[in-house]
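K.L.:
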Amino acid sequence: MASRIEHRAEFTQGVDEVFAAQTSEPALRARLAEVGGQNAALLDYTTTAVGVRFTLRQGVGADKLPSIVRTLHSGDLFVDRQESWTREGYSGTARATVSGLPGEIDVRTELRAEGGKTVLRATGEVKIRIPLVGGKLEDFVADQITHLLRREVELSAQWLAENP
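The numbering of the sequence shown is numbering that gives the first Met the number 0, which starts it at 0 and goes up by one.
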């Protein structure tokens, strides 16, 4: 069974500007500097004729992990997140894997102009295949991802304000 992820945010800027705040290399590097954790890195960044693809690595120190995770994995965790965005339809997909945990995180994101604002919607799910404790871990990871998405929206809004 999987745990759902749902997130919604609004921006006062236009869709093009918000798209840049979500996908441009300078914006990604700024976000990683703030919420990337230990050994954060932009591992790959490629622009295409229709959009952009990139891979982020975010680290979570062992001291910040719940005890149930520490019993299954010793040391720090790394989250590798591969995203692909297209300008047509302003949509993106992300797949993340967590070192040491059998499973994945899949998220689809859309940007839409609504009522004079840009609305970001992210939906997805977390699947962790560990008998007995997988469901609890899925709920924990889904909650952490929702918090991360909120923080990333705050940082994107800040980046937009500083980079008009």
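Ideal Cβ placement from N, Cα and C applies to all residues, glycine included.
With DSSP as the reference, identify every bridge partner of Val105, one or two as the case may be.
P.N.:
Here residue 105 refers to the residue found at position 106 when the sequence shown is read from its first residue. Note on identity: in this sequence residue 105 is Asp, with Val being the wrong assignment. Asp105 pairs with Arg94 and Glu124.
K.L.:
Measure the C-alpha to C-alpha separation of Glu161 and Leu76 and round it to an integer number of angstroms.
P.N.:
As a first step, residue 161 is located in the sequence shown; it is residue number 162 there, counting from the start. As a first step, residue 76 is located in the sequence shown; it is residue number 77 there, counting from the start. Glu161 and Leu76: Cα-Cα distance of roughly 32 angstroms.
K.L.:
Provide the residue(s) that pair with Phe53 in DSSP beta bridges, ordered along the chain.
P.N.:
Stepping through the sequence shown from its first residue, residue 53 is reached at position 54. BP columns for Phe53 point to Tyr44 and Glu82.
K.L.:
What's the call for Gly115, buried or exposed, on a 16-neighbour Cβ count within 10 Å?
P.N.:
Counting from 1 along the sequence shown, the entry for residue 115 is found at position 116. Classification for Gly115: exposed.
K.L.:
Please report the distance separating the alpha-carbon of Leu27 from that of Asp105.
P.N.:
Within the sequence shown, residue 27 is the residue found at index 28, counting from 1. Within the sequence shown, residue 105 is the residue found at index 106, counting from 1. Roughly 19 angstroms separates the two Cα atoms.
K.L.:
Among Ala93, Thr54 and Trp158, which residue has its Cα nearest to the Cα of Ile4?
P.N.:
Stepping through the sequence shown from its first residue, residue 4 is reached at position 5. Residue Ala93 is the option with its Cα nearest to Ile4.
K.L.:
Give the straight-line distance between the Cα atoms of Ala8 and Trp84, rounded to the nearest whole angstrom.
P.N.:
As a working mapping, residue 8 is identified with position 9 in the sequence shown. As a working mapping, residue 84 is identified with position 85 in the sequence shown. Straight-line Cα distance between these residues: approximately 18 angstroms.
K.L.:
Does the stretch 25 to 40 come into contact with the stretch 49 to 62, if we say contact requires no fewer than three beta-carbon pairs (one atom in each stretch) closer than 8 angstroms?
P.N.:
Yes: at least three Cβ pairs fall under 8 angstroms.
K.L.:
Pull up the distance between the alpha-carbon of Pro101 and that of Ile129, whole angstroms please.
P.N.:
As a first step, residue 101 is located in the sequence shown; it is residue number 102 there, counting from the start. As a first step, residue 129 is located in the sequence shown; it is residue number 130 there, counting from the start. Pro101 and Ile129: Cα-Cα distance of roughly 7 angstroms.
K.L.:
Using the Cβ count rule (16 or more neighbours within 10 Å means buried), how would you classify Ala112?
P.N.:
Here residue 112 refers to the residue found at position 113 of the sequence shown. It is exposed - the Cβ of Ala112 has fewer than 16 other Cβ atoms within 10 Å.
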